[in-house]
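Colleague: Quick one: this structure, given as structure tokens, is what I'll be asking you about.
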Amino acid sequence: MASSQDQLRIVLIGRTGNGKSSIGNSLLHSRSAFYSTQSPNSITKTCEVKTAIVPDSDGRQKQLMVVDTPGFFDTDICITNEQVQQIIASQIFTMTSPGVHAFLIILRVGRFSPEEKNTVDFIKKIFGDGAAKYCIVIFTREDQLDEGQTIDDFINRSDELKDLIQKCGNRKFTINNKINGEPLDRKTKQLLQMIDRMVQNNNGNYYTNDEYQRIERQRKEEKAKREEEERRKKKEYEHALVAKAREEERQKAEKREREAREEERRKAEKREQQIRDEERKRAERREQEERERRIRAEEDARNERRRNEEREQSTARSRRNYDDDNDFLSNEMRQMMLGSHMPSPNISSMCMPYQTPMPTNSTTHRGSGGRFTGEFMATRGSANNQPIMEGSRGGRFYWNANGNKTYVRK
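Residue 163 in the UniProt record's numbering sits at position 163 of the sequence shown, and the numbers go up by one each step.
Right under this line is the structure:
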């Protein structure tokens, strides 16, 4: 709520049809703040408050709060003055707390009923005896004064009206509700200046009483409770934010930990997969090496069998050649002996080469690839008694058991 220096609180009170709502609209520089129309019955059924920012007499901006009240002394039998009093009393204090700067009693030129003389008493019943010092009587329909008639002339015609004005400190003001534009603004400014002078005469204070003070205490207590509640809620909110931040941090930490565990698990699975792949590759290499080894072994076995077969075949050929050579040598020696009349030697018992001159013809060992020298090997082993042959280039050799040539040193 604005301070009393920055806010001006005004209450409009009067009979239905006197123009309360029109005065409120004029003060607020508005045509529609309060609903205003000519009606024998009250248009305003409850207290209504409207505000506006207006300049005061010193040109400073001030918040103007205007409260329109239901009309009393109404011709409507559905609502009595007591009910209007209860409505105003139940609402006005809360609306205008901590107090009212001005009560504007709205009367109309040309009509002043005997009941209206009790307006001040009506206000006193609601606000207390001191409220009269804050009252101003506003006469609407200024244009209905007789030609040359002043507002004082109109007041002096009724003792009841004079008494009412005196109770309000002789503060009165007239206005024509039909004017608008600059004349209305000028009138409104004059009314606000009169209200400011009354407030200054009241030491710059607004009107208050026990009820206002009680309401103000209650309002302050409620404000303190609201502030305390707001502080509590703010503290709870801050604690909730801290808890939320901690919970979010905890969740982030758990997420990071889960991600780290998941990453470690993926790395472990990758390592295990690499190990399995390497083991599989090693197993495949071992299987390949084993297949190659078996293939080589089988190939070696086949080669060995082939070599054995070739050796056996070569041995068989050598034996056949050897047998053929022995047969040949036996025949040659037999012919030599027959030709020289020498006794036939026992070839198998010879230990030294036979030195008897051999025929000089060029007969060669059949299938031997050389010429028989007429000598035999005298040694131990399988070479014993093998015939010594001479090659085409002069080399001497004998056929070994494998059917190959073995050369003899000279």
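We treat Cβ as the ideally placed atom computed from N, Cα and C, and that holds for glycine. Just so you know, these numbers come straight off a predicted model, no measurement behind them.
How big is the Cα-Cα spacing for Val242 and Arg231?
Modeller: Taking the straight line from one Cα to the other gives about 16 angstroms.
Colleague: Entirely within the region 174-262 and at least 4 residues each: give me those alpha helix (DSSP H) ranges in chain order.
Modeller: Listed in chain order, the complete alpha helix (DSSP H) runs (minimum 4 residues) inside the region 174-262 are 182-201.
Colleague: Taking all protein chains shown into account, do 16 or more other C-beta atoms lie within 10 angstroms of the C-beta of Pro206, making it buried, or fewer, making it exposed?
Modeller: The identity of residue 206 in the sequence shown is Tyr, whereas the question assumes Pro. Per the 10 Å Cβ criterion, buried.
Colleague: By the three-class DSSP mapping on this structure, what secondary structure does Arg15 have?
Modeller: Note: Arg15 maps to strand in three-state DSSP.
Colleague: With distances taken between CB atoms, is the gap from residue 415 to Ile10 smaller than 8 angstroms?
Modeller: What the structure shows of the chain is the stretch from 1 to 410, and residue 415 is not part of that stretch, so it cannot be assessed.
Colleague: Measuring alpha carbon to alpha carbon, tell me which residue in Gln288, Arg294, Phe154 is nearest Phe112.
Modeller: It is Phe154.
Colleague: Distance, Cα to Cα, Lys189 vs Ile106?
Modeller: If I take the Cα positions, the gap works out to 17 angstroms.
Colleague: Compute the distance between the beta-carbons of Arg396 and Thr373, then report whether it is under 8 angstroms.
Modeller: Cβ atoms of Arg396 and Thr373: closer than 8 angstroms.
Colleague: Just list the residues that DSSP pairs Gln61 with in beta bridges.
Modeller: Bridge partners of Gln61: Pro55.
Colleague: What did DSSP end up calling Lys267 once you bin it into helix, strand or coil?
Modeller: The answer is helix: DSSP assigns Lys267 an H, G or I state.
Colleague: Indicate the three-state DSSP secondary structure (helix, strand or coil) for Phe72 in the structure shown.
Modeller: Correct three-state label for Phe72: strand.
Colleague: Alpha carbon to alpha carbon, how far is Met95 from Arg214? Give it in angstroms, no decimals.
Modeller: Near 14 angstroms, if we compare the C-alpha coordinates of Met95 and Arg214.
Colleague: Residues bridged to Ala102 by DSSP?
Modeller: Paired residues: Ile10.
Colleague: Look at Gln91 and Thr46 and say whether their C-beta atoms are less than 8 angstroms apart.
Modeller: Yes, these two residues count as a Cβ contact at 8 angstroms.
Colleague: Using the Cα positions of His239 and Gln251, report the straight-line distance between them to the nearest angstrom.
Modeller: Approximately 18 angstroms, taken between the alpha carbons.
Colleague: Among the candidates Asn402, Phe376, Ser22, Pro387, whose CA atom is the shortest distance from the CA of Lys178?
Modeller: Selected option, being the one with the closest Cα: Ser22.
Colleague: If I follow the unbroken beta strand (DSSP E) through Lys405, where does it start and stop?
Modeller: Looking at the DSSP string, the run of the beta strand (DSSP E) that includes Lys405 is 405-407.
Colleague: Mapping DSSP to helix, strand and coil, what is Phe154?
Modeller: Phe154: helix per DSSP, three-state reduction.
Colleague: Just to confirm the assignment, what range does the alpha helix (DSSP H) spanning Ile123 have?
Modeller: Looking at the DSSP string, the run of the alpha helix (DSSP H) that includes Ile123 is 119-127.
Colleague: So Val199 and Lys172 are in contact, right, with Cβ under 8 angstroms, and what is the actual spacing, rounded?
Modeller: Going by Cβ atoms, the distance from Val199 to Lys172 rounds to 17 angstroms, so no, they are not a contact pair.
Colleague: With C-beta atoms as the reference, is Ile126 less than 8 angstroms away from Gln85?
Modeller: Yes, they are a contact pair.
Colleague: With a threshold of 7 angstroms on Cβ separation, who are the neighbours of Phe72 within its own chain once the five nearest residues in sequence on each side are excluded?
Modeller: Closer than 7 angstroms at Cβ, skipping near neighbours: Arg15, Asn81, Val84, Phe122.
Colleague: Pro387 to Ser314, Cα distance in whole Å?
Modeller: Each residue's alpha carbon lies about 19 angstroms from the other.
Colleague: Roughly how many angstroms lie between the CA atoms of Leu64 and Ser32, to the nearest whole one?
Modeller: Each residue's Cα considered, the two are about 16 angstroms apart.
Colleague: According to the Cβ coordinates, are residue 433 and Ser318 closer than 8 angstroms?
Modeller: Nothing about residue 433 can be read from this structure; the chain reaches only from 1 to 410.
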